[in-house]
Amino acid sequence: MSLSAPFLCLGGMNLSAPGARIQQKHEVVGSFYDQPRGLLRCGILQKMVFLEIGMNEDIVVPFHMLDLERLPLPKVILLNLLHRISCRKASNEHGYYIAITTLHTISELHQDEDTGAILFTVSLSCTTVKPCKGEILIGTVTRILEDGIILKYGPMSNILLSETRMNDYELDMSEEPMFLNVNGLSYIKKGTKVRFKVLDIKWIEREKDFIIWATILGDYLGPI
């Protein structure tokens, strides 16, 4: 499954199961942002951190979904997993669930005598992405508030940039809401792309999501 596909998360997975493995990788994904290569080379911009996670997942498939003559078993498994995507958006430990990457092995099938459901275990890998303090990313403004702005970057939609972290920018409500630089040379409004640095991160268990505090105080940061 391509990383440029819509963001996917996996519901019902026991990510803390014994034997689960985590390998950390550093990659740049063009569908998330377009980073100037010169800035990457000189270390001004950092690469997004991805995690590749391997785990075992217990699958329960209603009997009517399992037609071995018409639908291959791997496809049945994948459809079952994708059906539960909305149940889990992210986790504090692993970040946002992006995609199922590999179905490794499938155990022997067992049938529940009471319900007729098919039970089996799948060994799989999936890709996640997790925000990290100090990262420099490019997000898009989605809302203008009285005391700052909210940005979106990939699956991260709760990126808060406070007015106190926007040196020399003031709220201008005369026409379209925006933060206008005091020298009048730049502005930040809905739809503006902003290069920012991740200042702090907080996991909200009830929302199954992160709140990310950003700053544009520093060299090469701000609207682009």
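Heads up: the sequence shown at position 165 corresponds to 165 in UniProt numbering, and the numbers run straight through without jumps.
Cβ coordinates follow ideal geometry from the N, Cα and C atoms, glycine included.
Nothing here was measured: the structure is a model prediction, and the numbers come from that model.
Residues near residue i by beta carbon distance below 7 angstroms, same chain, minus five either side
i: Val61; result: Val76, Asn80, Ala117, Ile118
i: Thr140; result: Leu151, Lys152, Gly191, Lys193
i: Thr105; result: Ser123
i: Asp209; result: Lys89, Ala90, Asn158
Residue environment, residue i, which counts as buried when at least 16 other CB atoms sit within 10 Å
i: Leu221; result: buried
i: Met65; result: exposed
i: Phe63; result: exposed
i: Ser91; result: buried
i: His132; result: Residue identity differs from the one stated: residue 132 is Cys in this sequence, not His. By the neighbour-count rule (16 or more Cβ atoms within 10 Å), Cys132 is not buried but exposed.
Straight-line Cα distance separating residue j from residue i
i: Leu109; j: Phe120; result: 5 angstroms
i: Ile144; j: Met55; result: 41 angstroms
i: Glu93; j: Ile149; result: 27 angstroms
i: Tyr97; j: Leu137; result: 19 angstroms
i: Arg195; j: Pro223; result: 6 angstroms
i: Glu205; j: Met156; result: 15 angstroms
i: Ile100; j: Glu207; result: 22 angstroms
i: Gln111; j: Leu217; result: 59 angstroms
i: Arg165; j: Val182; result: 15 angstroms
i: Leu160; j: Ser107; result: 45 angstroms
i: Asp147; j: Trp213; result: 13 angstroms
i: Asp200; j: Ser125; result: 29 angstroms
i: Glu176; j: Ile211; result: 26 angstroms
i: Asp172; j: Gly184; result: 11 angstroms
When the options are compared against residue i, the one with the closest alpha-carbon
i: Thr215; options: Leu151, Ser157, Asn92; result: Leu151
i: Lys189; options: Val198, Tyr169, Lys208; result: Tyr169
i: Glu135; options: Val198, Asn167, Asp147; result: Val198
i: Val49; options: Thr105, Ser123, Gln111, Gly154; result: Gly154
i: Asp219; options: Phe179, Trp203, Asn167; result: Asn167
i: Leu103; options: Ile53, Tyr187, Leu180, Lys202; result: Ile53
6 angstroms Cβ shell around residue i - same chain, five flanking residues per side excluded
i: Asp58; result: Thr121
Which of helix, strand or coil DSSP assigns to residue i
i: Val182; result: coil
i: Lys190; result: coil
i: Asn80; result: helix
i: Val141; result: strand
i: Met48; result: coil
i: Lys130; result: coil
Sequence-distant residues of the same chain with beta carbon closer than 8 angstroms to residue i, five excluded per side
i: Ser174; result: none
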